[in-house]
Amino acid sequence: MAADPGTLIDWSLLALSPPGWGGVLLGGLLNSIKIAVGGYALGLALGTGGAFGKLYGGPVLKDLLEVYTTLVRAIPELVLILLLYYAGTDLLNQMLAAMGYGPVDISGLAAGIFVIGVVQGAYSTEVLRGAIKAVPAGQIEAARAYGMSPAQIMRRITLPAMLPHAIPGLSNLWLIATKDTALLAVVGFSELTLVTRQAAGSTKAYLLFFCAAGALYLALTLVSNVVIRIIEARARRGMAATA
Amino acid sequence: MKTALKTIALAAVIGFAGVTGAMAEQIKVGFAAEPYPPFASPDASGNWEGWEVDFMKAICAEAKLDCVITPVAWDGIIPALTTNKIDMIVGSMSITAERLKTIDFSDKYYNTPTGIIGPKGAAFDATPESLAGKTIGVQVATIHQAYADKYFGGAGATVKEYQTQDEANNDLAAGRVDAVQADAIALDAFLQSDQGKDCCEHKGNVKDDPEILGAGVGVGLRKGETELKDKINAAIKAIRANGTYDAFSKKYFDFDIYGG
Amino acid sequence: MSGETSTIEVTALTDLPSGRDLLKPHRIALIAIAAVMVFCIAWFMRWDWLPEYAGRLAQGVWVTLLMLFSTASLGFLFAVPLGLVQVTGPWPLKMLAKGFCTVIRGTPLLLQLWLLYYGLGSLFPQYPEIRQSFLWPYLREAWPYGVAALTISFAAYEGEVMRGAFAGVPAGELEAARAYGMSRWKVFRRIWLPRAVHRALPTLNGETVLQLKSTPLVATITVVDVYAVISKIRQTTYLTYEPLLFLALIYLCLTAILVVAFRTLENKIPTRGA
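Protein chains in written order, with this note's numbering: chain A, 48 to 290; chain B, 2 to 261; chain C, 115 to 388.
Okay, structure coming up:
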């Protein structure tokens, strides 16, 4: 433990194959991405349902959704993750048992996706609701006048028309999802942050591994930003330039 | 737009395949996800290794169980067991009266004294009097935390809780705590590492309190699962009798870890 | 990333559901169901640990609030120059500020926290100069690292908001100020900064709520905030749900108080109806 840079930075620790820990880190990154993608998709599904429910649902549904989005947005993600991780899967199994099925084996990956998805769902509900409200009422009325069914209106008019409004918010949510996966380290799921901590603990090269993991997260964000910009440009085709 | 939705749907399907994919009759063995050498720590290829991993493999082979290692955060390992996330705990968990209120244990499979380490040259030993005013690092949710809270915290020391043993050791080397209390074997492994050799030394073992420190380490099990418990107990007896236990223990220790 | 400042407003909780129309029939039924659930939780779960830990919980809430307000105010102080140089600074400073914001916003806070505490913090003692300096008693503690990480994170997010706010102040106002013969510094102090802060205020509400939700992370580096107290309760009582539910309730109340406080504050600041 001398303070000499030669021993402080031992790059071979990052080698891709053992005894380097690079491979393990990349595996952790892959797990993080899997959870982020899964959780984001689940969150989008919940958010789409939630947004339509909040705008067009009955009074009870509207209130329940309000409670859901308020609770999730008021309680720290870390606490939600702990609660959902233990309680969510436990409740699911108890419900299945009550209905006469055996317990389901819920993998850590599925639990992680579920947890991130529920958290993301509340935020995407709000983003999508705002975007749907931005669609001019006249367009929807016109569609109704054409005799389209509500499902047709949603598929042909509302969803495509709201997309440009929703994309900035949704892309922000994607970036949040990638970073929220780090919180799963606290429940012991082997994503990038936890494997980094294990690697750092085993080799005592804390600074090196935390910086390496930071670089990986940053790379993920930067790549996402490029993709988001492309999607944004596509979605804004034919729209008047803002700003 | 359409392709984007398709990708999302596909991702969702892939994500949830995990739910249905792992439904075989497996025993999920919970390990603390934090490195705890020489008992269990992940190596650079992502595999777990250490004395306790060998022990678990021997037990599962003996009892003919299909075991998979499932890393769980140590501070949530008991909730993970009671909510069926894992089926047993092999995590150097001591059998204590407090824990027996919530979970069940197999017979003990090893036992070690509890030690205190500190910086070289620091003048204190493992008594509450000499540790008064000092900061003692312990791992959360361990017998050591309970012991330090009762004996040292009560006598004027500050007890600092760490999520992993590793980080407590690291902070001792960094001078951010004055002493660390833990399992004497785990501490010994640290003292023999490069980091530990330079900074620290063994200060003594604490006075025993079986009420808190328990009677050895056992496999943690859910209450009421007597069938599994009987199998594990039989397996521990068998590997003790047939020499397997001693064989893999020799790889790590030059003394009898089973204890009296 | 054009719409970023506006999306923060959309996603963060900045307003509570209104209490009007509580007496609609379906709401009465929902409230009744909720009351039954709360009663069941209070009756059938174990809460006997509460009195024993009440003092420590209050202490923990205090630490959480201290963390929140110190880091939010410090962070805001840093956010102003961060935003300013991105709008008007010379290019090296501009790049530096932009890079800082990108790096901090692009990596998880938990990782930054661990990097500071376990990474950087374990390097310090190797230098005897640091070990013997007056700073060492503080560097030994965990909270300075928590404050540093949370401040940096708040500064980066709010700095991005401030950049937008500075850029959004109408050029005409600044020109008018200059036409009055104000010096650059005076223009900044009297016109630019107050106008930019005013524009950024609505987002401050959301950012502070988000910051509150980040504070429990400091428990992972041994700072004893309310989350750490609850973790301790979980470990000594072996209860899974009760302490976590109680913790959720605590944060719910804290968020509600914050939101209401900001609401009153915002109403006090005059705005031209636009």
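Even for Gly, the Cβ is constructed at its ideal location relative to N, Cα and C.
- Within chain B, no C-beta atom comes less than 8 Å from the C-beta of residue 78/A; the nearest is roughly 11 Å away.
- Chain-ordered listing is empty here: chain B has no CB closer than 9 Å to the CB of residue 173/C, the nearest sitting near 14 Å.
- Of 172/B, 240/B, 213/B and 77/B, the smallest CA-CA separation from residue 197/B is found for 172/B.
- For residue 125/B, the secondary structure class from DSSP, reduced to helix, strand or coil, is coil.
- Close CB contacts of residue 238/C within its chain, under the 7 Å cut and outside five residues either way in sequence, are with 244 and 253 (chain order).
- When DSSP states are grouped into helix, strand and coil, residue 127/C belongs to the coil group.
- DSSP, reduced to helix, strand and coil, places residue 234/C within a helical segment of the structure shown.
- With 16 or more other Cβ atoms from the protein chains shown falling within 10 Å of its own Cβ, residue 93/B counts as buried.
- About 5 Å separates the CB atoms of residue 113/B and residue 185/B; that is less than 8 Å, so the two are in contact.
- Inclusion of residue 158/B and residue 132/B in the CB contact set at 7 Å is warranted, their separation being smaller than that value.
- For the options 372/C, 219/C and 320/C, the alpha carbon positioned closest to that of residue 262/A is the one of 219/C.
- Close to chain A, meaning a Cβ-Cβ distance shorter than 8 Å, are the following residues of the segment 214-238 of chain C: 216, 217, 219, 220, 221, 222, 223, 224, 225, 226, 228, 229, 232, 233, 234, 236 and 237.
- Under the Cβ criterion of 7 Å, residue 120/B is not counted among the residues facing chain C.
- With a 10 Å radius around the Cβ and a threshold of 16 neighbouring Cβ atoms, residue 238/B comes out exposed.
- Shown here for residue 217/B: same chain residues with a beta carbon closer than 8 Å to its own, the five before and five after excluded, namely 95, 96, 109, 110, 111, 112 and 260 in chain order.
- As summarised for the segment 32-111 of chain B, the continuous beta strand (DSSP E) elements at least 3 residues long and confined to that stretch are 68-73 and 105-111, given in chain order.
- Shown here, residue 243/B sits in coil according to DSSP, grouped into three states, outside any helix or strand.
- Chain order gives the chain C residues near residue 163/B as 336, where near means a beta carbon separation below 8 Å.
- Annotation: the continuous alpha helix (DSSP H) that includes residue 185/C extends over 164-202.
- Interface residue (Cβ-Cβ distance to chain C less than 7 Å): residue 92/B is not classified as such.
- Interface annotation, residue 254/C: in contact with chain B, CB-CB separation under 7 Å.
- Around the beta carbon of residue 89/B, a 10 Å sphere encloses 16 or more other beta carbons of the protein chains shown; the residue is thus reported as buried.
- Less than 7 Å divides the Cβ of residue 94/A from the Cβ of residue 168/A.
- Think of a sphere of 7 Å around the beta carbon of residue 74/B: the chain A residues whose beta carbon falls inside it are 233, 234 and 235, in chain order.
- DSSP, read as helix, strand or coil, puts residue 373/C in helix.
- Between residue 249/A and residue 36/B, the CB-CB gap stays under 7 Å.
- Taking 7 Å as the Cβ-Cβ cut-off, the segment 342-361 of chain C approaches chain B at 345, 349, 352 and 354, given in chain order.
- Listed as beta-bridge partners of residue 232/B by DSSP are no residues whatsoever.
- For residue 100/A, same chain residues with a beta-carbon under 6 Å away, outside a window of 5 residues either side, are 108 and 112 in chain order.
- Within 10 angstroms of the beta-carbon of residue 130/B lie fewer than 16 other beta-carbons, which makes it exposed.
- DSSP lists no beta-bridge partner residue for residue 255/C.
- Contact of residue 45/B with chain A by beta-carbon distance below 7 Å involves 65, 66, 67, 68 and 71.
- Closer than 7 Å to the CB of residue 160/B there is not a single CB belonging to chain C.
- As for any beta strand (DSSP E) of minimum length 3 sitting wholly inside the segment 161-190 of chain B, the runs are 180-184, ordered along the chain.
- Closer than 7 Å to the CB of residue 129/A there is at least one CB belonging to chain C.
- Between residue 42/B and residue 70/A, the beta carbon gap of about 17 Å keeps them out of contact (Cβ cut-off 8 Å).
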